[in-house]
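Asks:
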Amino acid sequence: MDNDYKYACSLKEVKPGTTKKVCFPGYAPILIANVDGTIYAVDDTCTHEDSSLSLGCLKQDKVKCTLHGSWFSVVTGEPTEDPADEPLERYSIYLRHDEIWINLTPIS
Ligand code: FES
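Just add 2 to wherever you are in the sequence shown, counting from 1, and you've got our numbering.
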């Protein structure tokens, strides 16, 4: 694990089928999602307007924006429903014991 990874939260805080918003000073908020035990991290802010995706529900690998109803894949970051048409940034995850660490440089 390189120094770009920052501790985000405990795995216990993100049960399967749930999400959690985490914030780091100087960075956009990140949404952590637990899809059947696999952890993903994407931008928390909807690409349509500035709504927090942590307010929406997670169904399988997709999270819903509560403001206008777009769905995004937490695996690819891509929107699957209008009106959003830009993908979310994705972030690498490192699991150490029950700790979730995130690389704050988006996956390119
Ligand atoms: S702010 Fe998310 S769909 Fe409009």
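Glycine included, every Cβ here is placed at the ideal spot set by N, Cα and C.
Are the beta-carbon atoms belonging to SER75 and THR68 less than 8 Å from one another?
Replies: Not closer than 8 Å, so no.
Asks: Can you tell me which of GLY19, LYS17, CYS11, SER110 puts its alpha carbon nearest to the alpha carbon of CYS25?
Replies: Among GLY19, LYS17, CYS11, SER110, the Cα nearest to that of CYS25 belongs to CYS11.
Asks: Taking the C-alpha atoms as reference points, what is the distance between LEU60 and PRO31?
Replies: Looking at the two C-alpha atoms, the distance is approximately 17 Å.
Asks: What does the alpha-carbon distance come out to for the pair VAL37 and ASP6?
Replies: Near 24 Å, if we compare the C-alpha coordinates of ASP6 and VAL37.
Asks: Under 7 Å from any heavy atom of the ligand FES, does the C-beta of GLY28 make it?
Replies: GLY28: no, Cβ never under 7 Å from the ligand FES.
Asks: Is SER110 buried or exposed, if buried means 16 or more other CB atoms sit within 10 Å of its CB?
Replies: When all chains shown are included, SER110 counts as exposed.
Asks: So what's LYS17 in DSSP terms, helix, strand or just coil?
Replies: Looking at LYS17 - three-state DSSP - the assignment turns out to be coil, as it is neither helix nor strand.
Asks: For SER56, name the three-state secondary structure that DSSP assigns.
Replies: Note: SER56 maps to helix in three-state DSSP.
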